[in-house]
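Scroll down for the structure; my scribbles are underneath it.
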Amino acid sequence: MMAALALVVALAAVGIAAAALVLVIAHARAHQTARFAARLDAYKRRTDQHTIPTNGQGPRRP
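Numbering of the sequence shown is given in our numbering, commencing with residue 802 and proceeding in unit increments.
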């Protein structure tokens, strides 16, 4: 009986640790994506000022 209880507790601990690892990885990926988006926005701000505005056709270089 005690062995079964110990097994249940151990499996629960492993499950909680796995869930925590998944959350940590997802959080790190979210930060990585946010940093990439910020760098992309900065790049677009730098480069779009040198383009001729077109009517939704995308950037056209002079």
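By construction, the Cβ of each residue, glycine as well, lies at the ideal position given by its N, Cα and C atoms.
Alpha helix (DSSP H) containing residue 802: first to last residue?
Boundaries cannot be given for residue 802, as no alpha helix (DSSP H) includes it and DSSP labels it neither H nor E.
Cutting at 7 Å between CB atoms, please list the residues of its own chain near residue 821, excluding the five before and the five after it.
none
Distance, Cα to Cα, residue 841 vs residue 827?
21 Å
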